[in-house]
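Undergrad:
Numbering (the working numbering), first residue to last: 93 to 256.
1) By how many angstroms is the C-alpha of residue 214 removed from the C-alpha of residue 221?
2) Does residue 233 pass the burial test, meaning 16 or more other C-beta atoms within 10 Å, or should it be called exposed?
3) Under 8 Å, do residue 154 and residue 162 count as touching if we go by C-beta distance?
4) Tell me the rounded alpha-carbon separation between residue 177 and residue 158.
5) What span of residues does the beta strand (DSSP E) with residue 201 cover, start to end?
6) Quick one: give me the first and last residue of the beta strand (DSSP E) that residue 135 is part of.
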């Protein structure tokens with residue numbers, strides 16, 4: 093029940109941020125690479141084009157060196173998997189990891205660093221109920237690309253603590 097309530101709150105907050113982004117200025121300021129920065133609505137379309145639905149927009153700021161939108165696979169029936177889409181000054185620069193994760197939460201951001209939390213599962217845990225705690229991973233814009241500042245948990249189902 094708590095997972096569903098949290099997902100519903102994230103979706104509601106994301107929708108409110110998206111509506112706010114749609115009523116704002118339609119022009120985009122150029123980013124550091126010279127390409128137009130993406131408004132939250134346009135950045136969300138990048139997430140949707142990859143087959144995900146934006147569920148957490150609070151970490152997105154087109155003016156930051158690094159920002160994030162967390163997306164849920166659009167065909168999901170159970171709230172999994174999720175993926176973090178990373179943006180540099182509004183330009184999509186990649187994902188948090190090569191494979192999606194079961195659950196990702198945006199925790200906080202500065203202009204250059206984004207912190208994400210991953211739920212962790214023991215090998216026998218059902219998808220509803222991770223029991224291995226959580227891991228916070230900070231990602232930083234280093235001037236050319238994104239680098240993790242902390243170890244990214246394994247996505248292997250057999251790992252002692254997996255983000256799946």
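The C-beta atom is built at its ideal place from N, Cα and C for all residues, glycine as well.
What you are looking at is a predicted structure, and each value in this text was computed from that prediction instead of being measured.
TA: Answer, in terms of the structure:
1) Taking the first residue of the chain shown as 1, we reach residue 221 at position 129. Taking the first residue of the chain shown as 1, we reach residue 214 at position 122. In this model, residue 221 and residue 214 are separated by some 10 Å (Cα to Cα).
2) Here residue 233 corresponds to residue number 141 of the chain shown, with the count starting at 1. Burial call: buried.
3) Residue numbering aside, residue 154 sits at position 62 when the chain shown is read from its first letter. Residue numbering aside, residue 162 sits at position 70 when the chain shown is read from its first letter. Going by C-beta atoms, residue 154 is not nearer than 8 Å to residue 162.
4) Numbered from 1 along the chain shown, position 85 holds the residue referred to as residue 177. Numbered from 1 along the chain shown, position 66 holds the residue referred to as residue 158. Cα-Cα distance, rounded: 10 Å.
5) Position 109 of the chain shown, counted from the start, is the residue given in the question as residue 201. Element bounds for residue 201: 196-201.
6) Reading the chain shown from its first residue, position 43 is the one you call residue 135. It is not in any beta strand (DSSP E) - residue 135 instead sits in the alpha helix (DSSP H) that spans 132-141.
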